[in-house]
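Structure first, then comments.
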Amino acid sequence: MANAYGLVASPAQAVRGKNHACTSIYRSTVISTRVHCSSNVEGAETLGAGVAASESRVPRLLSKGCKLVGCGSAVPSLKVSNDDLAKLVDTNDEWISVRTGIRNRRVLSGTDSLTALAAQAAKNALEMAKVDPDDVDLVLLCTSTPEDLFGSAPQIPRALGCTKNPLAFDITAACSGFILGLVTGSSYIRAMGFKNVLVIGADSLSRYVDWTDRGTCILFGDAAGAVLLQACDSDDDGLFGFDVHSDGDGQRHLNATMKQKEMEHVAGSNGSALGFPPNRSAYSCIQMSGNEVFRFAVRAVPQSIEYALQNAGLSASSIDWLLLHQANKRILDAVATRLEVPSERVISNLANYGNTSAASIPLALDEAVRSRKVQPGHTIATAGFGAGLTWGSAVVRWG
Ligand code: UT7
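Position 127, counted from 1, in the sequence shown is what this note's numbering calls 128; the numbers after and before it change by one each time, with no gaps.
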């Protein structure tokens with residue numbers, strides 16, 4: 002089991018003390034180093050086949066801080082209520098709302114595109130931050146449901162009208178994707194000198210739900226949310242601490258694995274051999290042992306948040322908001338109780354959207370910021386958990 006704690010010191014840590022031992026090693030060995038990193042060929046105007054050249058990443062100083070300066074979200078227009086689901090499977094509004102807290106969810110329909118939703122969320126985040134799309138130098142699309150097997154992230158800068166082709170790639174980590182994207186984005190800023198990183202969480206699990214399985218189809222919805230992470234002086238650092246994990250042993254509790262479509266192979270005839278050519282593959286629907294995932298979440302998430310808080314030199318009583326992956330209200334309540342965070346400091350919007358996987362944290366953050374619940378300077382403890390199994394936490398300052 003991986004167990005990586007956030008090791009980069011924030012100024013807040015220096016003030017608050019309790020730094021992880023590795024923090025000082027990091028600072029003493031790396032602070033004055035320069036790195037050379039290039040995501041593209043330098044000096045060529047076009048790369049052939051109509052591919053435009055991008056600016057080379059010039060060497061920049063390390064050990065900057067990063068802060069969250071903009072957020073945005075987008076949801077499909079089709080709303081599906083618990084009563085709608087009761088027409089598909091043997092369930093009812095009371096069972097779903099009591100056991101999960103969910104009342105409605107949004108679902109992609111017709112020609113709706115997840116990539117377009119992700120781009121809209123990113124656009125809203127850039128507008129809030131007043132940052133031009135051409136000033137973005139990295140786009141991380143956290144999704145387990147891309148619309149291209151090879152990743153959808155490079156389509157986001159296109160949709161935003163970027164002319165400089167920033168580096169863009171997907172991160173696949175299910176419902177923990179946004180937290181891992183945040184940590185990855187901060188590393189690109191702190192260790193490689195990137196300046197404006199779009200971290201987008203977007204998922205359309207509705208495309209992989211078995212709509213005849215009442216144990217899963219009631220939970221999930223589709224959405225996109227984005228945050229703009231920006232380089233700043235280390236004194237202004239807004240990522241105070243983090244903690245990330247994965248455990249492949251738990252995959253059996255939640256997965257949507259590859260299944261092969263049966264094709265006939267005649268060994269030896271027409272140049273084919275046994276098992277070759279390979280069968281065409283597709284993903285199966287989501288399989289979940291709800292009870293097991295529930296137990297995992299209420300055990301692992303509070304512990305992870307405690308590690309991240311410890312790393313930040315903070316206690317649960319000093320955070321302004323607890324913002325968990327929106328999976329089940331009972332999980333949110335159990336984690337808040339364990340951390341002794343009062344319910345009025347727990348951000349929750351899952352009644353309206355259900356579990357939107359990697360989108361749930363930035364979607365809830367965006368609503369809370371736009372409704373002025375979350376104010377600049379507020380400290381948020383946030384955590385994601387889900388398939389993989391993966392889980393992780395980050396303690397951040399908004400603005
Ligand atoms: O992003 C992370 C992803 N996943 C999660 O976070 C999921 C975590 N787990 C959960 O949220 C909950 O386990 C569920 C909401 C999935 C299920 O709730 P539960 O309280 O654990 O219910 P259960 O599976 O133990 O089922 C209790 C009863 C069963 O009936 P019997 O055997 O007691 O007669 C189920 O057959 O409820 C029945 N049931 C339903 N009844 C009406 C299960 N699903 C439904 C349903 N409507 N949709």
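Quick reminder that beta carbons are idealized off the backbone N, C-alpha and C, glycines included.
Practice item. From the DSSP output, read off the bridge partner residues of Leu141. Key: Residue pairing by DSSP places Leu141 opposite Phe170, Val200 in a beta bridge.
Check your understanding: Should Gln327 go down as buried or exposed, given a rule of 16 or more other Cβ atoms within 10 Å for buried?
Key -> buried
**Study point:** Close Cβ partners of Lys124 (< 7 Å) along its chain, the five nearest in sequence each way excluded
**Key:** Cβ within range, chain order: Gly73, Leu161.
Check your understanding: With respect to the beta strand (DSSP E) encompassing Trp96, which residues constitute its N-terminal and C-terminal limits?
Key -> Looking at the DSSP string, Trp96 is not in any beta strand (DSSP E); the run it does join, the alpha helix (DSSP H), is 94-101.
**Study point:** Residue range of the unbroken beta strand (DSSP E) whose run includes Lys68
**Key:** 66-75
Practice item. Give the C-beta separation of Ala87 and Leu255 to the nearest angstrom, bearing in mind that I take them to be a contact with Cβ-Cβ under 8 Å. Key: With a Cβ gap of about 24 Å, Ala87 and Leu255 do not count as contacting.
**Study point:** As assigned by DSSP and simplified to three states, the class of Lys260
**Key:** strand
Review point. Among residues of its own chain, excluding the 5 on either side of Val397, which ones have a beta-carbon nearer than 8 Å to its beta-carbon?
Key: Leu69, Leu183, Gly239, Leu240, Phe241, Thr380, Ile381, Thr383
**Study point:** Boundaries of the beta strand (DSSP E) in which Gln231 is found, first to last residue
**Key:** 223-233
Practice item. Just the C-alpha distance for Phe295 and Asp91, rounded to the nearest angstrom, thanks. Key: 22 Å
Check your understanding: Would the beta-carbon of Thr217 fall within 9 Å of that of Leu89?
Key -> No; because the gap between Cβ atoms is not below 9 Å, this pair is not in contact.
Practice item. Please indicate yes or no: does the CB of Asp91 lie closer than 8 Å to some heavy atom of the ligand UT7? Key: yes
Check your understanding: Helix, strand or coil: which one does DSSP assign to Ser318?
Key -> helix
Check your understanding: Ala227: which of Glu128, Ile348, Ser98 sits nearest, CA to CA?
Key -> Glu128
Review point. Sorry if obvious, but does the Cβ on Cys143 come closer than 8 Å to a heavy atom of the ligand UT7?
Key: At a cut-off of 8 Å, the beta-carbon of Cys143 does not count as near the ligand UT7: no heavy atom of the ligand is closer than that.
Exercise for review: Report the residue from Lys262, Ser247, Pro147, Val302 whose alpha carbon sits nearest the alpha carbon of Leu115.
Suggested key: Pro147
**Study point:** Given Ser285 as reference, the closest of Leu390, Thr101, Tyr209, Leu324 once Cα atoms are compared
**Key:** Tyr209
Review point. Is it right to say Ser318 is buried, meaning 16 or more other beta carbons lie within 10 angstroms of its own, or is it exposed?
Key: Ser318 is classed as exposed because its beta carbon has fewer than 16 other beta carbons within 10 Å across all chains shown.
Practice item. May I ask whether a heavy atom of the ligand UT7 can be found less than 8 Å away from the beta carbon of Asp328? Key: The sequence as given places Ala at residue 328; Asp does not occur at that position. Ala328: yes, Cβ under 8 Å from the ligand UT7.
Check your understanding: Cβ-heavy atom distance between Gly387 and the ligand UT7 below 8 Å?
Key -> yes
Point to revise | Alpha carbon of Pro377 to alpha carbon of Ile348, nearest angstrom | key: 16 Å
Point to revise | Environment of Ala154 [buried if 16+ CB atoms lie within 10 Å] | key: buried
Point to revise | Length of the line joining the Cα atoms of Arg106 and Ala203 | key: Rounded to the nearest angstrom, the two C-alpha atoms are 14 Å apart.
Point to revise | Option nearest Arg346 by Cα separation, candidates Asn353, Tyr354, Leu366, Ala360 | key: Leu366
Review point. Would you call the CB atoms of Ile201 and Gly355 closer than 9 Å?
Key: No Cβ-Cβ contact shorter than 9 Å links Ile201 with Gly355.
Practice item. Determine the extent of the alpha helix (DSSP H) in which Phe295 is found, giving its start and end residues. Key: 291-313
Point to revise | Boundaries (first-last residue) of the alpha helix (DSSP H) holding Ser110 | key: That residue, Ser110, is in no alpha helix (DSSP H); it is neither H nor E in DSSP.
Practice item. Drop a sphere of 10 angstroms on the beta-carbon of Ala117, count the other beta-carbons inside from all chains shown, and report buried for 16 or more, exposed for fewer. Key: buried
Review point. If you draw a straight line from the alpha carbon of Ala395 to that of Lys165, how long is it in whole angstroms?
Key: 31 Å
Review point. Do you know how far the Cα of Leu230 is from the Cα of Pro167?
Key: 14 Å
**Study point:** Beta carbon of Phe297 nearer than 9 Å to that of Leu390
**Key:** Closer than 9 Å, so yes.
Practice item. Output yes if chain C places a C-beta closer than 9 Å to the C-beta of Ala75; else output no. Key: Included in the structure is just one protein chain, with no chain C present.
Review point. Around the Cβ of Met289, are there at least 16 other Cβ atoms within 10 angstroms (buried) or fewer (exposed)?
Key: buried
Check your understanding: Sorry if obvious, but does the Cβ on Ala335 come closer than 8 Å to a heavy atom of the ligand UT7?
Key -> no
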